[in-house]
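Residues are numbered in my numbering as their position in the sequence shown, beginning at 1, plus a constant of 797.
Think of the CB as a built atom: it goes at the ideal place given N, C-alpha and C, for glycine as much as any other residue.
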Amino acid sequence: MVQDRKILLSGIQPSGRSHIGNYFGAMRQFVEMQNNHDCLFMIVDYHALNSTRDATVMRQNIIDLATDYLAIGLDPKKSVIFKQSDVPEHTELAWIFDTITTMPFLERAHAFKDAEAKNKEISVGLFNYPMLMAADILLYDTDVVPVGADQKQHVEITRDTAEKFNRIFGDTFKLPETKILSNVAVVPGIDGRKMSKSYGNTIPLFAEDAEIEKLVMSIVTDSSAGVPKNVHEIHKLFRSEADLATLYQSKAGKYKELKELLFADIKAFIKPLREKRKEIAGDVHAVLDVLKRGGEKAKAKASAKMEQVRERLGVKLY
Ligand code: TYM
798 MVQDRKILLS GIQPSGRSHI GNYFGAMRQF VEMQNNHDCL FMIVDYHALN
848 STRDATVMRQ NIIDLATDYL AIGLDPKKSV IFKQSDVPEH TELAWIFDTI
898 TTMPFLERAH AFKDAEAKNK EISVGLFNYP MLMAADILLY DTDVVPVGAD
948 QKQHVEITRD TAEKFNRIFG DTFKLPETKI LSNVAVVPGI DGRKMSKSYG
998 NTIPLFAEDA EIEKLVMSIV TDSSAGVPKN VHEIHKLFRS EADLATLYQS
1048 KAGKYKELKE LLFADIKAFI KPLREKRKEI AGDVHAVLDV LKRGGEKAKA
1098 KASAKMEQVR ERLGVKLY
């Protein structure tokens, strides 16, 4: 790897089909940035364990996400592509962070507050989620974390945790920066809320045409001045604002036609990605091999860092 390149790390939960919110919020940046950064891209299976408790589903979701990564253009020759559970140092470091973090600090996390507001059962794993994410990031001396806006607070918690550790035990961790694409910080779903697997409002990134059509036609249309807001917000991902201004003016109030145009644009965009994905999915062994090799590379880096951490803590005696 080239010396003074910045280290970039990001991750996605293997918790269902990747969608255009994941892609435009985060994944697209991954592809662009792998040419001038030392990149690590994770499948955060231990994070997903908070919601997936079926081994068959977990296994399939991991393979699917690895396939998605390759299909969008992540290149194992340029980047380390791996799954979190192959590097146990992540959970080890998360425990260490747990011991220097207070409950009230984690109670301020949005994900925890949301779950609490909805009266959901909150596992200790969900509560500690930001500590595992901090470990993911800090283990690799990460400089930059490209994510959607919903992850901003997690990266702030990561920075606070690094600072606290450094204060107590001495300078060990680098403080990472978040990279959020401002124009697509939050991609809305077909109901206008944030596009999210858990809301069931997504347009899957590799969907077949009929599925895309059905989803686009069911986008909820609350309008202002004849412009269906949610249709327009999603359309912005596929066409320039200038193009859209003319289009939406000439078709003011014609929701069905605008949806048909959006469908055509999404369909054209997804087709080559979907075809590439099908090709890659045909060879599961090759996909697993990428993950296995990536895990070995990540493990080498993480275990060197943990040696340093254990030294700082005073538990490394030989
Ligand atoms: P996850 O799996 O929920 O989402 C993966 C990535 O997609 C982005 N994203 C969106 N961006 C814009 N609009 C949307 N509607 C939208 N939905 C999802 C997310 O911001 C994210 O970048 N905690 C993380 C995974 C994680 C991680 C990490 C990320 C674990 N460790 C270390 C970076 C670094 C998560 O649950 O993302």
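Hey, quick one: how far does the beta strand (DSSP E) through Leu-806 stretch, first residue to last? Residue numbering aside, residue 806 sits at position 9 when the sequence shown is read from its first letter. Leu-806 -> beta strand (DSSP E) spans 803–809.
Taking the alpha carbon of Asp-835 as the point to measure from, which residue in Gly-945, Pro-873 and Leu-1110 has its own alpha carbon closest? For the purposes of this step, residue 835 is taken as the residue at position 38 of the sequence shown. With distances taken between Cα atoms, Asp-835 lies closest to Pro-873.
My understanding is that Arg-990 touches Asn-998, with C-beta atoms under 8 Å, so please give their C-beta distance in whole angstroms. In the sequence shown, the residue the question calls residue 990 occupies position 193. In the sequence shown, the residue the question calls residue 998 occupies position 201. Rounded, the Cβ-Cβ distance is 6 Å, consistent with contact.
Can you give me the C-alpha to C-alpha distance between Leu-1002 and Arg-964, rounded to a whole angstrom? By one-based count along the sequence shown, residue 1002 stands at place 205. By one-based count along the sequence shown, residue 964 stands at place 167. Computed Cα separation, rounded: 43 Å.
Counterpart residues of Ser-838 in DSSP-defined beta bridges: Numbered from 1 along the sequence shown, position 41 holds the residue referred to as residue 838. Rather than Ser, the amino acid found at residue 838 in this sequence is Phe. In the DSSP output, where bridge partners are listed per residue, Phe-838 has Ser-807 and Ile-878.
With distances taken from CA atoms, which of Ser-993, Met-830 and Lys-880 is nearest Asp-940? Here residue 940 is taken as the residue at index 143 of the sequence shown, counted from 1. When only C-alpha atoms are compared, the closest one is Met-830.
Select from Ile-1067, Val-1017 and Thr-958 the residue whose C-alpha is nearest the C-alpha of Glu-1005. For this step, residue 1005 is matched to residue 208 along the sequence shown. The candidate whose alpha carbon is nearest that of Glu-1005 is Ile-1067.
Collect the residues with a C-beta less than 6 Å away from any heavy atom of the ligand TYM and give them in sequence order along the chain. Leu-806, Ser-807, Gly-808, Ile-809, Gln-810, Gly-818, Asn-819, Gly-822, Ala-823, Val-841, His-844, Met-930, Asp-933, Ile-934, Val-942, Val-944, Gly-945, Asp-947, Gln-948, His-951, Val-983, Val-984, Lys-991, Met-992 and Ser-993
Where Lys-880 and Thr-864 are concerned, what is the direct C-alpha to C-alpha distance, given to the nearest angstrom? Your numbering for residue 880 matches position 83 in the sequence shown. Your numbering for residue 864 matches position 67 in the sequence shown. If I take the Cα positions, the gap works out to 13 Å.
Where do the ends of the beta strand (DSSP E) carrying Glu-1005 lie? For the purposes of this step, residue 1005 is taken as residue 208 along the sequence shown, with counting starting at 1. Taken as a continuous stretch (DSSP letters only), Glu-1005 belongs to no beta strand (DSSP E), as it is neither H nor E.
Among Ala-1097, Gly-808, Glu-1093 and Ala-1083, whose alpha-carbon lies nearest the alpha-carbon of Val-942? Here residue 942 is taken as the residue at index 145 of the sequence shown, counted from 1. It is Gly-808 whose Cα lies nearest to the Cα of Val-942.
Excluding sequence positions up to five away, which residues of its chain have a Cβ less than 6 Å from the Cβ of Leu-935? Walking along the sequence shown from the start, residue 935 turns up at place 138. Within the same chain, Leu-935 has close Cβ partners Ala-959 and Phe-970.
Who pairs with His-816 in a beta bridge, going by DSSP? The residue you call residue 816 lines up with position 19 of the sequence shown. Answer is Pro-1001, bridged to His-816.
So, does the region 923–932 touch the region 896–911, judging by three or more C-beta pairs under 8 Å? yes
Measure from the alpha carbon of Pro-985 to the alpha carbon of each residue in Thr-896, Asn-819 and Leu-806, then state which is nearest. The residue you call residue 985 lines up with position 188 of the sequence shown. The shortest C-alpha separation from Pro-985 is found at Asn-819.
Residues bridged to Ser-1021 by DSSP? Position 224 of the sequence shown, counted from the first residue, corresponds to residue 1021. According to DSSP, which records beta bridges pairwise, Ser-1021 is partnered with Val-1024.
Could you check whether the region 878–892 touches the region 1076–1091, counting it as contact only if at least three pairs of C-beta atoms, one from each stretch, sit closer than 8 Å? yes
Could you spell out the range, first to last residue, of the alpha helix (DSSP H) harbouring Glu-1038? Locating residue 1038 in the sequence shown gives position 241, where the first residue counts as 1. 1038–1047 is the span of the alpha helix (DSSP H), which, as asked, contains Glu-1038.
Do you know how far the Cα of Leu-978 is from the Cα of Gln-826? Numbered from its first residue, the sequence shown carries residue 826 at position 29. Numbered from its first residue, the sequence shown carries residue 978 at position 181. In a straight line, the C-alpha of Gln-826 is about 8 Å away from that of Leu-978.
Considering only C-alpha positions, which residue in the set His-844, Ala-845, Ala-868 and Gly-822 is nearest to Glu-1076? Counted from its first residue, the sequence shown places residue 1076 at position 279. If we check each option's Cα against that of Glu-1076, Ala-868 comes out closest.
Would you grab the beta carbon distance between Pro-811 and Asp-842 for me? Rounded to a whole angstrom, and I think it's under 8 Å. As a working mapping, residue 811 is identified with position 14 in the sequence shown. As a working mapping, residue 842 is identified with position 45 in the sequence shown. About 6 Å; that satisfies the 8 Å criterion.
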